[in-house]
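In what follows, a single structure is set out as structure tokens and then discussed.
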Amino acid sequence: MSLGSSTAALLSTPACQDLAQIAMTAAAYPVAIANGISQCLHAVDIAPIIPAAKCTAIDWEVQNFTAVALSCGPAQIRPDRCCDLIVGSFGQQHGFYFRNTGRTLEQDQVQVCWSEFQKALVANGVPLTSLDTCSHITAANHLMSVGCYNYTTSYQRVPSQYLDQIATSCNGSTRDCGQCRPTFIRVARELANTNDATYVTNCILTLGLQFSSLMSGIEEITAWENCYYRFPPPLAILPFISPSADHVVKWALVGVLTAVGVVVLLFVLAILAVKRYPLRKARFNHKLATLSRISSISLKALQKRLQIYSKRQLEKATKNFDESQLLGSGASGKVYVGELDGEVVAIKVAIMNVGKNGVKEAWNEIATLAQYRHRHLVFLKGCCISEPHCSLVYEFVEQGSLEGHLYPQQPRSGLDQARFLDWPTREKIALGTARGLIYLHDDCNPQCIHRDVKPSNILLTGDFEAKLSDFGLAKMVDTDATHITTAVAGTSGYLSPEYVATGKLTEKSDVYSFGVVLLTLVAGRRPTVQGAPPDEASVFLTEWAWSLAERNELGLLADRRFSSQEQEEHAEGMERMTRIGLLCVHITISIRPSMQQCANMLLRFTDVPRLPRRPMTLYTISSLASSAESSSATIISSWQRSSDRTLGLVETGSSA
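Sequential numbering of the sequence shown, starting at 9, is according to my numbering.
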């Protein structure tokens, strides 16, 4: 049927006027919008949407309704949170579906999925009367983005700066999550350009879905849902196991139990064999211990959702660890590119600490690493433990390391070609790195100190999002097995002076390293450069930056490869990042900001404090030219002398 002419006489209500405006600005729109317009104008649908017979998008059987039942059911624990828990539970599944498929619910799925959700609530002890009291809850509309930023579908991406604001407020690092929901509402009002509750709510739903698409999995989606609603611990929504994962777990459990049964059988046979052949007792004991360890590791891997690979699988994936597959090497081992199960992966081969409990300790470290899940951390997929080697299988990050783009020197095996990083990209990388460290410092239990934050450990995705690698490997890797590392684990130029001097490691040690990374992003050069500049101050990047700050000439630190136009356009941002970097590398630990404070300053949520007086020089030309041992001694003695000064601050003086 035809809508006829859209005259003012037909637009009888403000809602109809809004829909007509959308129709006039949209080149095409789904049936649901057309029906909405037609219902307003003519009280009839253009084309009815026939609901599907079954909700195939969401499986409500895997949903955990414990919290909803406690609040909405007979227990009546905080019944005032009942409606929020219902919306949160539906949003948890909807967000997970959007993350996995890149789509919201199809038009024919909306109503049937909502109906099955209601039935699942009732089956889990939530009376229908509770749903009746939540009068504002309706089925999630396919076009919830209508009226939000002039979108006609929820697939149009919200500008990244809005999602960045939400990520900062809703990552749980503030502990109380007090700014999460207010930030959602503020951003939604800005996008909707109105205070009308309907459009603001549509924008909040759109933001929630698109924010979910950035999460690493259901655990992270659940965490931000709980952060948004600020549910008290008894009512926190719990993550669920997706149907496919549940299927894999069931079969994997069968495999593990079978393996355990085999071990028991071997154990019985071994006892009989030992009785008959006493001289072979030691050999049998060793084999039994090995089999027991393998079955134990497999079971723990299952619990941590890790894939256990054999050495042969990794050899096949990397062409027997051929040099042509080598991506790079460092203090924690060599990294190869390979293919496992049809997917390109990065395989890090490290030498374990082979003490009395070498394998057990390595597995404990891997089990801890498996718990770390964040969009700005490289995802650990699996492992292979084969003494003395420990191989970790990570997601493949296609753009390689930040170092490869800041200081390109040679073709990069298996990676895209190096690209010159413009200033907005460098700011994006700095912020992503900060968020990864915030997660490690504030959200991980136990807390994780990275210990080696540097450009080669910052990997970049296809759209140049930063992902931290090599986190949490300190106890597992035998640093004595490589000549690359210094006496303390980490990389010279990025290590905090107190760590070099005392070996004491805190989150502020990571802050120092992050500060050096910020300065390298601004200058486009390494922290130390031997022989190139004529003056000592510019040999060391931190000293050069302090010298320029004293002379109020921080603009001279900018990468000379930037065009004059880019330097002029982003002068404020470059100076801001430099000042944050100088605060981070200050010798006095209490002056260094936390990583959350760094992120807030990078986002311009807070001002950068005035720089304190310049600390004393820690490096000299002689120390640079000397051996590693004497260089470390020079740095340590300089740091110890400075610690006797009040707050470690000294009057500005010569760098010589």
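Glycine included, every Cβ here is placed at the ideal spot set by N, Cα and C. On a predicted model such as this, the values are computed, not experimentally measured, just so you know.
Cα-Cα separation between residue i and residue j, rounded to whole angstroms
i: residue 517; j: residue 444; result: 15 Å
i: residue 351; j: residue 405; result: 12 Å
i: residue 474; j: residue 513; result: 24 Å
i: residue 329; j: residue 392; result: 14 Å
i: residue 531; j: residue 358; result: 32 Å
i: residue 318; j: residue 397; result: 12 Å
i: residue 3; j: residue 580; result: No information on residue 3 is available, as it lies outside the stretch 9 to 664 that the chain covers here.
i: residue 410; j: residue 238; result: 36 Å
i: residue 247; j: residue 230; result: 6 Å
i: residue 618; j: residue 587; result: 9 Å
i: residue 103; j: residue 97; result: 10 Å
i: residue 666; j: residue 554; result: This structure cannot settle anything about residue 666, because the visible part of the chain is limited to 9 through 664.
i: residue 370; j: residue 354; result: 19 Å
i: residue 177; j: residue 394; result: 42 Å
i: residue 489; j: residue 550; result: With a pLDDT of only 42 at residue 489, under 50, the local geometry of the prediction cannot be trusted, and the value read off the model is given with reservation. Rounded to the nearest angstrom, the two C-alpha atoms are 30 Å apart.
i: residue 84; j: residue 219; result: 31 Å
i: residue 505; j: residue 449; result: 20 Å
i: residue 387; j: residue 575; result: 35 Å
For residue i, the three-state DSSP class (helix, strand or coil)
i: residue 474; result: strand
i: residue 112; result: coil
i: residue 237; result: helix
i: residue 187; result: coil
i: residue 315; result: strand
i: residue 343; result: strand
i: residue 561; result: coil
i: residue 134; result: coil
i: residue 516; result: helix
i: residue 168; result: helix
i: residue 324; result: helix
i: residue 358; result: strand
i: residue 593; result: coil
i: residue 208; result: helix
i: residue 348; result: strand
i: residue 587; result: helix
i: residue 64; result: coil
i: residue 329; result: coil
i: residue 547; result: coil
Alpha helix (DSSP H) segment containing residue i, residue limits
i: residue 99; result: 90-109
i: residue 118; result: 118-131
i: residue 78; result: 74-80
i: residue 572; result: 572-577
i: residue 508; result: 505-510
Exposed unless 16 or more other CB atoms sit within 10 angstroms - verdict on residue i
i: residue 356; result: buried
i: residue 136; result: exposed
i: residue 167; result: exposed
i: residue 130; result: exposed
i: residue 510; result: exposed
i: residue 173; result: buried
i: residue 206; result: exposed
i: residue 71; result: buried
i: residue 61; result: exposed
i: residue 217; result: buried
i: residue 290; result: Below a pLDDT of 50, predicted positions are generally treated as unreliable, and residue 290, at 48, falls in that range; no measurement from the model is reported.
i: residue 467; result: buried
i: residue 477; result: buried
i: residue 613; result: exposed
i: residue 427; result: exposed
i: residue 374; result: buried
i: residue 459; result: buried
i: residue 101; result: buried
i: residue 314; result: buried
i: residue 564; result: exposed
i: residue 605; result: buried
i: residue 234; result: buried
i: residue 435; result: buried
i: residue 58; result: exposed
Terminal residues of the beta strand (DSSP E) in which residue i lies
i: residue 334; result: 334-338
i: residue 468; result: 466-468
*Scan the segment 595-623 and note each continuous alpha helix (DSSP H) run of 4 residues or more that stays entirely inside, going in chain order.*
603-610
_Residue ranges of each beta strand (DSSP E) within the segment 375-458, 3 or longer_ = 388-394 and 397-403
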